[in-house]
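Numbering (this note's numbering), first residue to last: 702 to 1068.
All C-beta atoms, glycine included, are put in the ideal place defined by N, C-alpha and C.
What follows is a short report on a single structure.
Shown next as structure tokens:
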């Protein structure tokens, strides 16, 4: 450990799909109970090399998919913390650690961050190396972070990605232009999500932001379906060993998704990849005239019960586009549980996305 590194003494929690040589890594599955990897994931090794202190592992859903773990929401233990980065979001929200690793293949950073009332940052695809992180769907798997402030998230990722320009050292030079984008999934938003988006947009406008509505082309209406097909198809491949030799120790929840993936044909998979590629290419035009999009982070407050991690319907688009996404906390629903809003930028425009997210976070905290 580097005693004088940029993370010197900084406590960091690690999601249990990241390999750690000195701690068991179970990937949220009984198949790997007590398993000790031979080496750290590259991101974990970088934290140690920079002087950080690995506090421990946080609960992940099974193989970072939909089967919930044992973590509850610290704001109300009768409600889910979301997933798959369940333990990381809850640990940051409960002040156990200022920083925790997460990962996102569908909505595994943004949704739990919304439910737990913390900052969640899913960087542009590939910004942080994934060596030593359990693969699920290579087309979308992204390493990210959960924190209590946007500058903390920016600083953490700036070191891990060797991109010092990500750091937020000052205020925005001018208020940003924001496209309020309910997305084609808007009918799935409940009253709390709708109120959060409306409030965030109004406060941003009152603070001088150039706020306008952005309507996405029809191509984006089928993006979520294509993203789900790709994830199921690739998950069935990445879990081939467990499905072949440990099927009895795989949950029905995971097995159902894997079997759905096995039922898709290569042509269906390739068609879905084409849908995603066209949307990625069309994002710049769709965002013409705005710096970022402001979207829902979740359908609303964290659902009651621990048998589900909630629906990632509002997270599939940002993941499919490989775009930087930041959950901004500071708002709450009718029963007092957190409800976040999501700032999404263009791929590789992480610095601007973080800067606008930080600006908005300050506004929401002031109310």
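Problem - For residue 903 and residue 1033, the rounded distance between their alpha carbons - result: 15 Å
Exercise for the section: Check whether the region 991-1005 touches the region 868-882, counting contact only when three or more Cβ pairs, one atom from each stretch, lie closer than 8 Å. Expected result: yes
Practice task
Give every residue of the same chain whose Cβ lies closer than 6 Å to the Cβ of residue 1021, excluding the five residues on either side of it in the sequence, and list them in chain order.
Solution key: 924, 928 and 977
Handout entry: Residue range of the unbroken alpha helix (DSSP H) whose run includes residue 969
Key = 967-987
Handout entry: N-terminal and C-terminal residue of the alpha helix (DSSP H) that residue 817 is part of
Key = 811-817
Practice task
Quick one: give me the first and last residue of the alpha helix (DSSP H) that residue 953 is part of.
Solution key: 953-964
Exercise for the section: Indicate whether residue 1024 and residue 988 have their beta-carbon atoms separated by less than 7 Å. Expected result: no
Exercise for the section: Pick out whichever of 1044, 1063, 786 and 1016 has its Cα sitting closest to the Cα of residue 921. Expected result: 1016
Handout entry: Proximal residues to residue 728 (C-beta, below 6 Å), its chain only, five neighbours per side dropped
Key = 718, 764 and 835
Practice task
Can you grab the Cα-Cα spacing for the pair residue 898 / residue 1055, in whole Å?
Solution key: 18 Å
Exercise for the section: Rank 805, 813 and 818 by C-alpha distance to the C-alpha of residue 827 and give the top, closest one. Expected result: 805
Practice task
Spatial neighbours of residue 952 within its chain, please: CB distance less than 7 Å, with the 5 preceding and 5 following residues excluded, ordered by chain position.
Solution key: 763 and 768
Handout entry: Sequence-distant residues of the same chain with beta carbon closer than 6 Å to residue 1058, five excluded per side
Key = 851, 1027, 1029 and 1044
Handout entry: 3 or more residues per run - each beta strand (DSSP E) lying fully within the region 870-930
Key = 878-881 and 911-914
Exercise for the section: Determine contact between the region 772-781 and the region 742-758, defined as no fewer than three beta-carbon pairs at a distance below 8 Å. Expected result: no
Problem - Beta-carbon proximity check, residue 849 vs residue 819, cutoff 7 Å - result: yes
Exercise for the section: Tell me the start and end of each unbroken beta strand (DSSP E) in the region 980-1066 that is at least 3 residues and wholly inside, in chain order. Expected result: 993-997, 1026-1033 and 1039-1045
Practice task
Determine, using beta carbons only, whether residue 1038 and residue 1002 come nearer to each other than 7 Å.
Solution key: yes
Exercise for the section: Select from 931, 780, 918 and 956 the residue whose C-alpha is nearest the C-alpha of residue 974. Expected result: 931
Problem - Among 857, 841 and 813, the one whose alpha carbon lies nearest that of residue 825 - result: 841
Handout entry: Residue interval of the alpha helix (DSSP H) (run including residue 855)
Key = 851-861
Practice task
Pick out whichever of 959, 721 and 761 has its Cα sitting closest to the Cα of residue 787.
Solution key: 761
Exercise for the section: Taking only the alpha-carbon atoms, compute the straight-line gap between residue 739 and residue 745 and give it to the nearest angstrom. Expected result: 13 Å
Practice task
Identify the continuous beta strand (DSSP E) that holds residue 820 and give its terminal residues.
Solution key: 820-823
Problem - Exposed unless 16 or more other CB atoms sit within 10 angstroms - verdict on residue 708 - result: buried
Practice task
Whole angstroms is fine: what's the gap from residue 757's alpha carbon to residue 968's?
Solution key: 42 Å
Practice task
From the DSSP output, read off the bridge partner residues of residue 758.
Solution key: 715
Practice task
Would you grab the beta carbon distance between residue 785 and residue 1010 for me? Rounded to a whole angstrom, and I think it's under 8 Å.
Solution key: 7 Å
Exercise for the section: Check whether the Cβ atoms of residue 822 and residue 790 sit closer than 7 Å, and answer yes or no. Expected result: no
Problem - Exposure label - residue 888; buried when at least 16 CB within 10 Å - result: exposed
Exercise for the section: Helix, strand or coil for residue 785, going by three-state DSSP, please let me know. Expected result: coil
Problem - Nearest-angstrom beta carbon gap, residue 1040 and residue 815 [assumed within contact, 8 Å] - result: 6 Å
Problem - Residues near residue 732 by beta carbon distance below 7 Å, same chain, minus five either side - result: 943, 947 and 950
Handout entry: Chain-order list of residues whose beta-carbon lies under 7 Å from that of residue 894 (same chain, five-residue window excluded)
Key = 997, 999, 1000, 1001 and 1040
Exercise for the section: Helix, strand or coil for residue 746, going by three-state DSSP, please let me know. Expected result: helix
Practice task
Check whether the Cβ atoms of residue 845 and residue 871 sit closer than 7 Å, and answer yes or no.
Solution key: no
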